[in-house]
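Novice:
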Amino acid sequence: MKKMSVRWLQWVVVLALFLVPSQGAWAKSANEWGVTISPADKSAEIDPDQIITLTFSGPVSLKNGQELSDKSGLSIISLTDAKKKKVRFTAKWNKTNRSIMIDPEGNLEAGASYRVSLMAKKVKDQRGNLNPELTSTFQTKQPVDNISPQAVMLPGHGAKNVRLQDKVTLQFAEEIILVGGGVLSSKTAGPLVRVTDEKGAIVPHTATWNKSKRMLSVKPKGKWQPHTRYQVSLITGLVKDTAGNHNQAQWITFQTGSK
């Protein structure tokens with residue numbers, strides 16, 4: 001009985017010794033590695049031009065024992081978008097700080113999700129432990145709209161021989177509302193524009209707002225006078241887009257024909 005116990009104990013010791021190297025070759029969790037990834041996992045509102053950084057808490061080398069380098073950073077790190085499409089980047093290894101800086105080629109897309117990964121079994125620590133896959137997902141800031149709403153005005157500036165029955169149209173590329181918060185309609189659109197003749201006199205006009213087309217149509221009360229130059233102006237600061245940007249002044253001048 002004692003001989004069997006001793007023999008069984010010997011087998012346990014041998015088995016334990018056999019398992020030690022295999023356990024040492026693979027770190028069980030990311031915490032054992034102490035790798036810090038910036039931006040942190042599940043971060044939001046990240047600037048599209050931000051540099052991505054992976055910092056190791058201790059000395060590391062490549063799986064084959066060679067030192068890390070700028071070039072090796074490209075083969076051990078993956079950067080993908082929400083569709084799992086690879087994003088091209090440059091890598092910079094800082095030996096002193098034990099960090100890899102990832103700089104995407106061009107800014108990342110605004111309002112998009114990304115995933116940066118240190119791929120599994122690419123580097124090892126001083127004990128010979130190979131890394132598990134370490135990842136961080138983050139989202140960039142939504143694009144900032146700071147462009148004033150503008151209208152395409154027809155007829156074009158400097159047009160000649162404009163027909164007396166034609167309307168002037170102002171079409172906006174985005175949704176607009178009145179700065180004061182009122183509803184934009186044909187009843188409220190009249191003050192948005194000013195119409196003057198070649199002598200600078202105010203020309204009474206009507207304005208019609210088409211919400212679906214985002215178009216303002218302007219015509220004089222009656223018809224344009226033949227062989228007359230007119231100016232139609234969009235008054236500054238009376239409408240704004242959904243981001244709160246106020247419109248700037250716009251105007252066109254045109255010459256009517258004989259009929």
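Each residue of the sequence shown is one higher than the last, beginning at 1 in UniProt numbering.
The beta carbon of each residue, even a glycine, is placed where N, CA and C say it ideally should be.
Since we're looking at a predicted model, the values are computed, not measured.
(1) Excluding five sequence neighbours on each side, which residues of the same chain lie with their C-beta closer than 7 Å to the C-beta of K71?
(2) Once you ignore the five residues that flank L108 on each side, which residues in its own chain have a CB closer than 7 Å to its CB?
(3) Helix, strand or coil: how does DSSP classify L78 here?
(4) Grab me the residues of Q23's own chain with a C-beta within less than 6 Å of its C-beta, minus the 5 sequence neighbours each way, in chain order.
(5) Roughly how many angstroms separate the alpha carbons of E198 and Q225, rounded to a whole number?
(6) How far does the beta strand (DSSP E) with F172 in it reach, from first residue to last?
(7) Would you mind listing the beta strand (DSSP E) stretches within the UniProt domain "SbsA Ig-like" (146-256) that are 3+ residues and don't spill past its ends, in chain order?
(8) By how many angstroms is the C-alpha of I202 removed from the C-alpha of N245?
(9) Would you call the CB atoms of V162 and G222 closer than 8 Å?
(10) Quick one: using the 10 Å Cβ neighbour count with 16 as the cut-off for buried, is T169 buried or exposed?
(11) Leaving out five residues before and five after V152 in sequence, what residues of the same chain have Cβ atoms less than 7 Å from its Cβ?
(12) So, helix, strand or coil for S38, using DSSP?
(13) Contact defined as beta carbons within less than 8 Å: I believe A159 pairs with F254. What is the distance between those atoms, to the nearest angstrom?
(14) Helix, strand or coil: which one does DSSP assign to K124?
Specialist: Quick look at the numbers:
(1) Walking along the sequence shown from the start, residue 71 turns up at place 71. Excluding residues within five positions, none has a Cβ falling inside 7 Å.
(2) Translated into positions along the sequence shown, residue 108 becomes position 108. Residues P48, Y114, T140 of the same chain have their beta carbon placed closer than 7 Å to that of L108, with the five preceding and five following residues left out of the count.
(3) Residue numbering aside, residue 78 sits at position 78 when the sequence shown is read from its first letter. In the sequence under discussion, the amino acid at residue 78 is Ser, which differs from the Leu named in the question. S78: strand per DSSP, three-state reduction.
(4) By one-based count along the sequence shown, residue 23 stands at place 23. Because Q23 carries a pLDDT of 39, less than 50, the predicted location of this residue cannot be relied on, and no value is offered for it.
(5) Reading the sequence shown from its first residue, position 198 is the one you call residue 198. Reading the sequence shown from its first residue, position 225 is the one you call residue 225. The straight-line gap separating the alpha-carbon atoms of E198 and Q225 is approximately 11 Å.
(6) Taking the sequence shown and counting its residues from 1, the one referred to as residue 172 is at position 172. Its beta strand (DSSP E) spans residues 168-172.
(7) List check, beta strand (DSSP E) in window: 151-154, 159-162, 168-172, 176-178, 193-197, 205-210, 215-220, 229-234, 239-241, 250-256.
(8) The residue labelled residue 245 in the question sits at position 245 within the sequence shown. The residue labelled residue 202 in the question sits at position 202 within the sequence shown. The alpha-carbon atoms of N245 and I202 are separated by roughly 28 Å.
(9) Indexing the sequence shown from 1 puts residue 162 at position 162. Indexing the sequence shown from 1 puts residue 222 at position 222. No. Outside cutoff.
(10) For the purposes of this step, residue 169 is taken as the residue at position 169 of the sequence shown. Its Cβ being crowded by 16 or more others within 10 Å, T169 is buried.
(11) For the purposes of this step, residue 152 is taken as the residue at position 152 of the sequence shown. For V152, where only same-chain residues beyond five positions count, the Cβ hits under 7 Å are Q171.
(12) Working through the sequence shown from its first residue, we reach residue 38 at position 38. Strand, per DSSP.
(13) Stepping through the sequence shown from its first residue, residue 159 is reached at position 159. Stepping through the sequence shown from its first residue, residue 254 is reached at position 254. That pair is a contact at about 4 Å.
(14) Translated into the one-based positions of the sequence shown, residue 124 becomes position 124. DSSP places K124 within a strand segment (E or B) once states are collapsed to three.
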